[in-house]
Amino acid sequence: MSAGRLLARLTVIPALLVMAWLVVTLPLLFGGVLRPGPAIVIFVPVAAALLWAGLRRSPADDPVRVPWWSTVGVVVVALAFLVLQALMCSEQIIVRRDPASYVQFATWLTDHGSLPIPQMRQAFGGGDPVLTYDSPAFYADGGSIVPQFMAGLPLVLTLGGWLGGTHGMVLMAPLLGAGAVLAFGGVVARFAGPRWAPAGALMLALTTPMIWGSRSTLSELPALVLLLGGLAMLDDAALSRPRVRAFLAGLAFGLIVLVRIDALRDVFPLVVIAGLLIGLAPRRRRRDRRGLPANLAEPGADSARERPVTRMGWPLAAGLLVGAGAGLGEGFRFSRPYLRYLHASLDPLLMMTAALVVATALMAVALRVPATGERLRRLGRAVAGGPVPGLGAVLTLLVMTAFAVRPLVQTVRRVPKSEDDRLNAQFIEQVQRFTHLPVDGARQYSELSLYWVIWYVGIPVVLLASFGAALLVRRLLRGGDLRWFPPLAVIGWTTVTTLYRPAITPDHPWAARRLLGVVIPGMILLALWAASWAMRRVRRAGYGPVAVRCAAVAVALLLFLPIPLSSHGVLTERTEQHEIGAVRGMCSGIGGAGRSVLVVDHATSDRLLQVIRGMCGLPAARVNDHAGTADVRRVVGKIYAVGRRPVVLGAQAGQVSPYGQAVQVMRLRTRQDERTLTSPPDSTWGLTSDVWIAEPPRP
192 MSAGRLLARL TVIPALLVMA WLVVTLPLLF GGVLRPGPAI VIFVPVAAAL LWAGLRRSPA
252 DDPVRVPWWS TVGVVVVALA FLVLQALMCS EQIIVRRDPA SYVQFATWLT DHGSLPIPQM
312 RQAFGGGDPV LTYDSPAFYA DGGSIVPQFM AGLPLVLTLG GWLGGTHGMV LMAPLLGAGA
372 VLAFGGVVAR FAGPRWAPAG ALMLALTTPM IWGSRSTLSE LPALVLLLGG LAMLDDAALS
432 RPRVRAFLAG LAFGLIVLVR IDALRDVFPL VVIAGLLIGL APRRRRRDRR GLPANLAEPG
492 ADSARERPVT RMGWPLAAGL LVGAGAGLGE GFRFSRPYLR YLHASLDPLL MMTAALVVAT
552 ALMAVALRVP ATGERLRRLG RAVAGGPVPG LGAVLTLLVM TAFAVRPLVQ TVRRVPKSED
612 DRLNAQFIEQ VQRFTHLPVD GARQYSELSL YWVIWYVGIP VVLLASFGAA LLVRRLLRGG
672 DLRWFPPLAV IGWTTVTTLY RPAITPDHPW AARRLLGVVI PGMILLALWA ASWAMRRVRR
732 AGYGPVAVRC AAVAVALLLF LPIPLSSHGV LTERTEQHEI GAVRGMCSGI GGAGRSVLVV
792 DHATSDRLLQ VIRGMCGLPA ARVNDHAGTA DVRRVVGKIY AVGRRPVVLG AQAGQVSPYG
852 QAVQVMRLRT RQDERTLTSP PDSTWGLTSD VWIAEPPRP
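Each number in this note's numbering comes from the position in the sequence shown (counting from 1) with 191 added on.
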């Protein structure tokens, strides 16, 4: 097997495996029978089928010679990254932010295999007006608890849970991160050249967003694996086996919606590309009685064979439809309260999606109809031969310039309109006070979004990526380098929309997750392509191989060095350690079956209500802020009346001592991520968690 074939196969395996697991486990979740036996038994043949379909290669797939050191370099970077991240992996299972929420979601699926989560009111004597059962990321919906997020990542985490418990779940983050690094090496090899692939994999691996993000269970990780794998398979489809590969690529793109609902926006360019491919494909040729084509003179027809790219449209559209349909189906079936919470942004997104699908279908029909199709083709040829390509390149540079000067002309603010907005504003004010910034909870700091990218990849990458994007836009509008159309469309569209409106709490490294999905890898890919283009120009100028290699090394170092200089502080810091042991100790201290847990401290209930319900396996409820001691005693009596033993839980001994002897069941001292608003993160903050319990006597 050649080095090129090995690299091409290895770099799509992560996406194919994630796709196979989601394809198998989602129907089981719908059926309420997500158990390890059926899932693994079905997964093995499905994964084998997808791997066989996605990894088959032909001689047409090897147009460029790939040196072995390139393939080995990408694999070594991915393996080293996996080992390092596994050693430094976070144990975020106490719910403060999304990673722990995903772990608790997955914990319930691992142990019960179905949704929603019952509130178990009967364990509290049928409930009481002072009791509530919801907590951050876990909504109360009727008589049930509904997890906040889409099920894609929790479904992936269930495999780790079945194989290694909670430790297995958190270790899925480094594994997904290493898969993304491996896949990115393959994408760089395809679009920038195989000799740049190890550098690309190493650059991505050492960015702060990738280091930080792949130590915690974030949805951006499987989304990035699916995106990179889809781009690789779509590029391969243009060489051979177009229908199968295009369908798999579309399925990978569509399934990102199962991981992140806002991925609908990211796949907009791919919907348009599918429509263009359908519209531009040669129409089926009629044959006369002798079996000869009747329209050989039709523009675009090929008397020998159609090019593979002309057969990719319908399979790509079908894959997108199946994958995105599965994601939307899961969202409206199991995550409806979350979608209701997002309605202000989700409803316009759904309407835009529907409008785009309709407009794309009309465009495809117009291209298929001979009269309008020929006019549109003439228009395309006129655009390619006119000033538009040059104007497109200039516009690309102007957009990046606008983001650079944005802080000078705009201060992004958001006036709180809901309870969640007010809590977010209070959090921003706390960070501002701690970091000695002017206190203004409405500040969003979104005007600094391009500078966030510069923090993490450096000025040389951003400048060279901007130049590369401008050059590619001009080439594409001229009708050249069409293989770059899908990746450039996705990178350009998502980068602009993300930088314009990151839509995330702006503390770092938390806000860096918005850049991990597309922006950071896209910038690195474009910068490496521009570097490769520059080296080709140096070679054509008559310089010898030694001079070209020296120039390539110098450019690679220029692009690479700012990245580890920015991330070294995060690289060597461990956060959220010992949480698994602390929670197990708490569960042991609370006791086994027959106990019902009343949490009397608001902050503690936010962090631990679902942890107690999921990891301790005990009914848990919170006492509202207006309840008094008499209310708690009334609920205690109801619990005893149904034959269970109450446990009152709080953050301090004084909160539980009125109900019995206070016993400390958790004393956690660890580190958490730094929270910065106007500078890159380079250290950590302390984190403490104390839990006390008391067992009230029978009234």
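A virtual CB, placed ideally from N, CA and C, is assigned to each residue, including glycine.
Being a predicted model, the structure only gives us computed values, none of them experimental.
Three-state secondary structure assigned by DSSP to residue i
{"i": "methionine 857", "result": "strand"}
{"i": "proline 887", "result": "coil"}
{"i": "aspartate 493", "result": "Only weak support is given to the placement of aspartate 493: the predicted model assigns it a pLDDT of 39, under 50, and the value that follows is read from those uncertain coordinates. Note: aspartate 493 maps to coil in three-state DSSP."}
{"i": "alanine 818", "result": "coil"}
{"i": "tyrosine 330", "result": "strand"}
{"i": "aspartate 864", "result": "strand"}
{"i": "arginine 605", "result": "coil"}
{"i": "threonine 766", "result": "coil"}
{"i": "alanine 472", "result": "coil"}
{"i": "glycine 841", "result": "strand"}
{"i": "valine 560", "result": "coil"}
{"i": "serine 637", "result": "helix"}
{"i": "glycine 649", "result": "coil"}
{"i": "proline 580", "result": "helix"}
{"i": "serine 261", "result": "helix"}
{"i": "histidine 627", "result": "coil"}
{"i": "leucine 599", "result": "helix"}
{"i": "proline 810", "result": "coil"}
{"i": "valine 790", "result": "strand"}
{"i": "serine 870", "result": "coil"}
{"i": "threonine 696", "result": "coil"}
Burial state of residue i (16 or more Cβ within 10 Å)
{"i": "serine 281", "result": "buried"}
{"i": "aspartate 631", "result": "exposed"}
{"i": "tryptophan 403", "result": "buried"}
{"i": "glutamine 310", "result": "buried"}
{"i": "aspartate 289", "result": "buried"}
{"i": "isoleucine 650", "result": "exposed"}
{"i": "aspartate 302", "result": "exposed"}
{"i": "lysine 608", "result": "exposed"}
{"i": "leucine 833", "result": "The sequence given here places valine at residue 833; leucine does not occur at that position. Looking at its Cβ environment, which holds fewer than 16 other Cβ atoms inside 10 Å, valine 833 is exposed."}
{"i": "alanine 812", "result": "buried"}
{"i": "histidine 358", "result": "exposed"}
{"i": "threonine 551", "result": "buried"}
CB of residue i within 8 Å of CB of residue j, strictly
{"i": "alanine 380", "j": "valine 268", "result": "no"}
{"i": "leucine 419", "j": "alanine 390", "result": "no"}
{"i": "tyrosine 881", "j": "glutamine 852", "result": "As written in the sequence, residue 881 is aspartate, which differs from the tyrosine given in the question. No; because the gap between Cβ atoms is not below 8 Å, this pair is not in contact."}
{"i": "valine 149", "j": "isoleucine 682", "result": "Here the chain covers residues 192 to 890 and nothing more, so residue 149 does not appear."}
{"i": "alanine 722", "j": "leucine 750", "result": "yes"}
{"i": "glycine 760", "j": "aspartate 864", "result": "no"}
{"i": "tyrosine 647", "j": "threonine 399", "result": "yes"}
{"i": "alanine 277", "j": "proline 205", "result": "no"}
{"i": "leucine 198", "j": "valine 237", "result": "no"}
{"i": "methionine 363", "j": "threonine 408", "result": "yes"}
{"i": "leucine 540", "j": "alanine 465", "result": "no"}
{"i": "serine 431", "j": "serine 249", "result": "yes"}
{"i": "threonine 587", "j": "alanine 661", "result": "yes"}
{"i": "tryptophan 353", "j": "proline 227", "result": "yes"}
{"i": "leucine 797", "j": "proline 327", "result": "Reading off the sequence, residue 797 comes out as aspartate, not leucine. Yes, the pair counts as a contact, with Cβ atoms nearer than the cut-off."}
Expected contact under 8 Å - CB spacing of residue i and residue j to nearest Å
{"i": "leucine 350", "j": "tryptophan 212", "result": "6 Å"}
{"i": "leucine 446", "j": "glycine 518", "result": "7 Å"}
{"i": "glycine 368", "j": "phenylalanine 234", "result": "So it is not a contact: roughly 22 Å between Cβ atoms."}
{"i": "arginine 669", "j": "alanine 575", "result": "5 Å"}
{"i": "tryptophan 720", "j": "alanine 423", "result": "Going by Cβ atoms, the distance from tryptophan 720 to alanine 423 rounds to 15 Å, so no, they are not a contact pair."}
{"i": "alanine 443", "j": "leucine 417", "result": "5 Å"}
{"i": "alanine 595", "j": "alanine 616", "result": "So it is not a contact: roughly 28 Å between Cβ atoms."}
{"i": "arginine 835", "j": "arginine 786", "result": "7 Å"}
CB contact below 8 Å: residue i versus chain B
{"i": "phenylalanine 444", "result": "The structure shown contains no chain B; it is built from a single protein chain."}
Given residue i as reference, the closest of the options once Cα atoms are compared
{"i": "alanine 718", "options": "Arg692, Trp684, Phe658, Gly377", "result": "Phe658"}
{"i": "tryptophan 701", "options": "Gln339, Leu270, Ser326, Arg406", "result": "Arg406"}
{"i": "isoleucine 469", "options": "Leu430, Gly441, Arg436, Leu507", "result": "Leu507"}
{"i": "alanine 429", "options": "Thr869, Pro677, Glu886, Ala240", "result": "Pro677"}
{"i": "threonine 875", "options": "Arg765, Val435, Ala812", "result": "Arg765"}
{"i": "glutamate 767", "options": "Phe315, Thr861, Ala812, Leu667", "result": "Thr861"}
{"i": "leucine 241", "options": "Leu439, Leu275, Ser326", "result": "Leu439"}
{"i": "proline 578", "options": "Leu679, Ala472, Val664, Val596", "result": "Val664"}
{"i": "alanine 844", "options": "Thr795, His817, Val802, Gly808", "result": "Thr795"}
{"i": "aspartate 325", "options": "Asp672, Leu799, Gly819", "result": "Leu799"}
{"i": "valine 788", "options": "Asp332, Ile284, Arg704, Thr323", "result": "Thr323"}
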